[in-house]
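Undergrad: Protein chains in written order, with the working numbering: chain A, 8 to 442; chain B, 2 to 166. Beta carbons: idealized from backbone N, C-alpha and C, even for Gly. Computed from a predicted model, the values in this text were never measured in an experiment.
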Amino acid sequence: MIVVALLQAGERYYNASAPVTGWPWLWLTVVKLLVIFTILMVTIAYLTLAERKIAAWIQDRIGPNRVGKGWGQPLADGLKNIMKEETLPDAANKLIFMLAPLLAFTPALITFAVIPFASPLPTRWGYMEMVLADIPIGFLYILAVTSVGVYGIVLAGWSSNNKYALLGGLRSSAQMVSYEVAMGMATVAVLLLAGNVSLPAIVRQQQTMGWNVFPLMIACFVFIVASFAETNRLPFDLAEAESELIAGYHTEYSSFKFSMFFIAEYSNMITAAALTATLFFGGWDIPGTQWDNTPPWTVLKTMVTLGAFLVKTFFFIFLFMWVRWTLPRFRYDQLMALGWKVLLPLVLAYITIIGGAVLALDALGIPRTVQILGMSPYWAILGMLNMVLAVALLILLDRGRLVSPSAARLSSGDLARERAARVTRRAPAPPQGTL
Amino acid sequence: MTIRVKVLEQPVQQTSYVRALLQGMSLTFKHLITTQKKTTQYPEVKDTISRRWRGTHRMLTDENGKAKCVACGLCPQICPANCIKLVPGEDEEGNRYPLVYEIDEFRCIFCGYCQEVCPEEAIHVGRHYENAEYSRAGFVYDLERLTAQTHPVCEMWDPADPKGE
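So this is what it looks like as structure tokens:
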């Protein structure tokens, strides 16, 4: 009933053709802000449940199913965390120790502000863009704000005055700085296609041209790998590394301050997933149709596109969790080698190639919009180029490597020596007929 | 006899991170969607424990409800953890019985020697594991408590029937 009423209400303002301005804009923005914040916090709470459930299922267990059949678990966890004793180490730098959780928490939440999540919503006063802050420097804002998030972790590690926390903080700072480079470079390819850093503009580009994941396959792959590192999750969770560093940078934190780091981690994960969806998977676009991204805007369109956005985002969140419970942690030197010696040169070369291809395609006057067989020729040609590059990458870079050391390629001589060494190392077979 | 160690050949030339990653992901996904879960819903469902399980003690009684123990002193003698306290007594007919018989279940290492050594088959280790108490003192089981236990007792290993058949 509510849905039908909403839909009808939407149809009534069918002709909302101008954006909302003035006071209504302010009030609607405040409402939007509160709604998004609430939904984000609730989602974060339930992501902890989702993570535990997925972990359990992957390990052939059932997972939390006691507090309200499991659905009350996030509430119980939250309540427990708030009621726990707040500890403040004597040797800690008090001010920074208190500040660090805030520094991790705030940027993690405010990054979501620039991500467009649905088609514009028609209202009595005109249509409302479904993005909290449509700032023209959208993506740069995200890069800037997530970098601030590193401070939270580094300062937490340093101010705790604890060797494990310090090591965790150091590792995470090095890691996040390294992978931010690869991440930023991977998005340069997107910017080459979109010609704009504003995220709604990038979504519009993908609506007319097709999703970026096909013409920028390798950039997408690098971006996803880098966002794993950026969110400090397995296989890159060296900042926490329970088996080596107790709990890493938040060893000394308890109670709600610990919760804040936890919220920051999950909120970063949501942002990374939403960003992957936005940059490479069309954001709120529904593939194969132009119905969803052309006016007149209706409430139905907003809801359906919001659904599309949520499906994509939750798919990537699921991917994050799935990978976490599959892969072991990288060694620190492997992590650094992967970041600087593999991903960065790879993505630099990739930008050069894509830049050249974009230049050539533009010079040839290949149209960017959808024309033949529901595909844009520009998109298809770039996609083919990427397929070729991906295959070459798999053959040249990926084959014939041992897991350790991560960057060294075995020459044929080394290979023969390794094999010989293994043969001698093998225990001799027991003589026949003996027990 | 040498221990056979199986050294797996590392497929040096054929390794591919991407393929290995996809293999691992597909494996975990298979486990994710399988409906055969291993969890036992503990308080409601309990796994069966071995017939030779050695848990907290139980003192068996004779037909009059008295403990079978004759206070011979063998169990405190053999106990490697020194957790059995026995003060023997004697009635007017000359029958020995335990005046005090206490087992400190905290000290006990559940080796089952007391059961093995007992000539009267009085003291037994039990097939039981839910022993929570609110105080340390609660873990010193006196004679009254030992005789009041109802859980099944351990079936000791029999050399004539090593596999318990």
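If the cut-off is 9 Å on Cβ atoms, which residues from the segment 36-70 of chain A count as contacting chain B, listed in chain order?
TA: Ile61, Ala63, Trp64, Ile65, Gln66, Asp67, Arg68, Ile69 and Gly70
Undergrad: Between the Cα of threonine 238 (chain A) and the Cα atoms of A:Trp386, A:Phe287 and A:Val184, which residue gives the shortest distance?
TA: A:Val184
Undergrad: Hey, is leucine 23 (chain B)'s beta-carbon within less than 8 Å of any beta-carbon in chain A?
TA: no
Undergrad: Do glutamate 247 (chain A) and leucine 99 (chain A) have their beta-carbon atoms positioned less than 8 Å apart in this structure?
TA: First, the residue type needs correcting, since residue 99 (chain A) is alanine and not leucine in the sequence shown. Alanine 99 (chain A) is not a Cβ neighbour of glutamate 247 (chain A), given a cutoff of 8 Å.
Undergrad: Straight-line CA distance for methionine 343 (chain A) to glycine 164 (chain A)?
TA: 20 Å
Undergrad: Using C-beta distances below 6 Å, list every residue in its chain close to asparagine 168 (chain A), excluding the 5 sequence neighbours before and after it, in chain order.
TA: Ala98 and Ala99
Undergrad: Mark isoleucine 50 (chain B) as exposed unless 16 or more other C-beta atoms lie within 10 angstroms of its C-beta, in which case mark it buried.
TA: Exposed: under 16 other Cβ atoms inside 10 Å.
Undergrad: So for glycine 202 (chain A), helix, strand or coil by DSSP?
TA: Coil at glycine 202 (chain A), not helix or strand.
Undergrad: Give me the DSSP bridge partner(s) of aspartate 340 (chain A).
TA: Note: aspartate 340 (chain A) sits in no beta bridge, so no partner.
Undergrad: What is the rounded straight-line gap between the Cα of leucine 286 (chain A) and the Cα of aspartate 292 (chain A)?
TA: One C-alpha to the other measures close to 11 Å.
Undergrad: Tell me, please, which residues DSSP counts as bridged to alanine 125 (chain A).
TA: A:Met137
Undergrad: Does DSSP classify threonine 130 (chain A) as helix, strand or coil?
TA: strand
Undergrad: How big is the Cα-Cα spacing for glutamate 121 (chain B) and cysteine 70 (chain B)?
TA: 7 Å
Undergrad: Counting only runs of 4+ residues fully inside the segment 208-261 of chain A, write out the alpha helix (DSSP H) ranges in chain order.
TA: The segment 208-261 of chain A contains these whole alpha helix (DSSP H) runs: 224-237 and 249-252.
Undergrad: Any beta carbon from chain A within less than 8 Å of lysine 47 (chain B)'s own beta carbon?
TA: no
Undergrad: When the Cα atoms are used, what is the spatial distance from leucine 307 (chain A) to serine 261 (chain A)?
TA: 45 Å
Undergrad: Taking the straight line between their C-alpha atoms, what separation do you get for phenylalanine 146 (chain A) and glycine 156 (chain A)?
TA: 16 Å
Undergrad: Against chain B, which members of the segment 389-404 of chain A pass a CB distance test of less than 7 Å?
TA: Leu401
Undergrad: So, for aspartate 244 (chain A): in the same chain, excluding its five sequence neighbours on each side, which residues have a beta-carbon less than 7 Å away from its beta-carbon?
TA: Arg336
Undergrad: Is tryptophan 386 (chain A) near proline 207 (chain A), with beta carbons less than 8 Å apart?
TA: no
Undergrad: What residue range does the beta strand (DSSP E) around glycine 145 (chain A) cover?
TA: No beta strand (DSSP E) contains glycine 145 (chain A), which is instead part of the alpha helix (DSSP H) from 145-166.
Undergrad: Can you give me, in chain order, the residues of the segment 313-339 of chain A that have a beta carbon less than 8 Å from any beta carbon in chain B?
TA: Trp329, Val330, Trp332, Thr333 and Leu334
Undergrad: Quick one: measure Cβ to Cβ for phenylalanine 117 (chain A) and tryptophan 332 (chain A), integer angstroms, because I've assumed they're closer than 8 Å.
TA: At residue 117 (chain A) the sequence reads isoleucine, which differs from the phenylalanine that was named. Going by Cβ atoms, the distance from isoleucine 117 (chain A) to tryptophan 332 (chain A) rounds to 29 Å, so no, they are not a contact pair.
Undergrad: Which same chain residues, not among the five before or five after methionine 190 (chain A), have their C-beta less than 7 Å away from its C-beta?
TA: Phe230, Ala233, Ser234 and Glu237
Undergrad: Closer than 9 Å between beta carbons: that is the criterion. Which residues of the segment 37-66 of chain B meet it against chain A?
TA: Gln37, Lys38, Lys39, Thr40 and Gln42
Undergrad: Using only CA atoms, which one of B:Val141, B:Arg97, B:Ser136 and B:Arg128 lies nearest to cysteine 109 (chain B)?
TA: Checked all of B:Val141, B:Arg97, B:Ser136 and B:Arg128; the closest Cα to cysteine 109 (chain B) is B:Val141.
Undergrad: Just the Cα atoms here: how many angstroms apart are alanine 226 (chain A) and alanine 193 (chain A)?
TA: Distance between the alpha carbons of alanine 226 (chain A) and alanine 193 (chain A) is about 5 Å.
Undergrad: So if DSSP puts arginine 103 (chain B) in a beta bridge, which residue, or which two residues, is it bridged to?
TA: Note on identity: in this sequence residue 103 (chain B) is glutamate, with arginine being the wrong assignment. Glutamate 103 (chain B) pairs with B:Lys86.
Undergrad: Comparing the C-beta of methionine 167 (chain B) with each C-beta of chain A, is any distance below 8 Å?
TA: The shown model of chain B, from 2 to 166, leaves out residue 167 (chain B), and the question about it has no answer.
Undergrad: Do you know offhand how far asparagine 83 (chain B)'s Cα is from methionine 60 (chain B)'s?
TA: 18 Å
Undergrad: Taking the continuous alpha helix (DSSP H) assigned at histidine 125 (chain B), which residues delimit it?
TA: Histidine 125 (chain B) -> not in any alpha helix (DSSP H); beta strand (DSSP E) instead, spanning 124-127.
Undergrad: Excluding the five sequence neighbours on either side, which residues of its own chain have a C-beta within less than 6 Å of the C-beta of threonine 278 (chain A), listed in chain order?
TA: Cβ neighbours of threonine 278 (chain A) beyond the five flanking positions: Thr118 and Phe119.
Undergrad: Output, in chain order, the set of chain A residues within a Cβ distance shorter than 9 Å of alanine 30 (chain B).
TA: The identity of residue 30 (chain B) in the sequence shown is phenylalanine, whereas the question assumes alanine. Residues of chain A with a Cβ closer than 9 Å to the Cβ of phenylalanine 30 (chain B) are, in chain order, Ile65, Trp329 and Thr333.
Undergrad: Counting C-beta neighbours from all protein chains within 10 Å, is the total for glutamine 297 (chain A) 16 or more, i.e. buried, or is it exposed?
TA: exposed
Undergrad: Spell out whether any CB of chain A is found under 8 Å from the CB atom of leucine 33 (chain B).
TA: Under the Cβ distance rule, leucine 33 (chain B) counts among the residues neighbouring chain A, one pair being separated by less than 8 Å.
Undergrad: Counting Cβ pairs, one atom from each stretch, are 3 or more of them under 8 Å apart for the segment 79-96 of chain B and the segment 126-135 of chain B?
TA: no
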